[in-house]
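For what it's worth, the working numbering labels the leading residue of the sequence shown as 1, then goes sequentially. Where is the CB? At the ideal position from N, CA and C, for every residue including glycine. Reading through the structure tokens given below for one structure.
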Amino acid sequence: MANFDFHRILVDQGSSCDVMYSGLFKTLQLTEKNLVPYIGLDLQGFNGSTTKPWGYVDLIVTFGEDKTMK
1 MANFDFHRIL VDQGSSCDVM YSGLFKTLQL TEKNLVPYIG LDLQGFNGST
51 TKPWGYVDLI VTFGEDKTMK
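Dropping the structure here:
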């Protein structure tokens, strides 16, 4: 992710959506040019409040190094 090495990550396969907060967005050196407009319903929180997503971004992720890279 923008030339950062991560050594430990948590993969949550149970989420219906993945949320990236603005602080992480900036840390990964992403800009609004990286966002693809989101066309769909608003996201609804547990308390019933809704919010409009800014958009979505596809990130290329590489696991491992050299011969074990996937």
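- In this structure, the CA atom of residue 62 is about 15 Å from the CA atom of residue 28.
- In this structure, residue 19 sits away from residue 34, with a CB-CB distance that is not shorter than 8 Å.
- At the C-beta level, residue 55 and residue 37 come within 8 Å of one another.
- When rounded, the separation of the alpha-carbon atoms in residue 40 and residue 50 is 13 Å.
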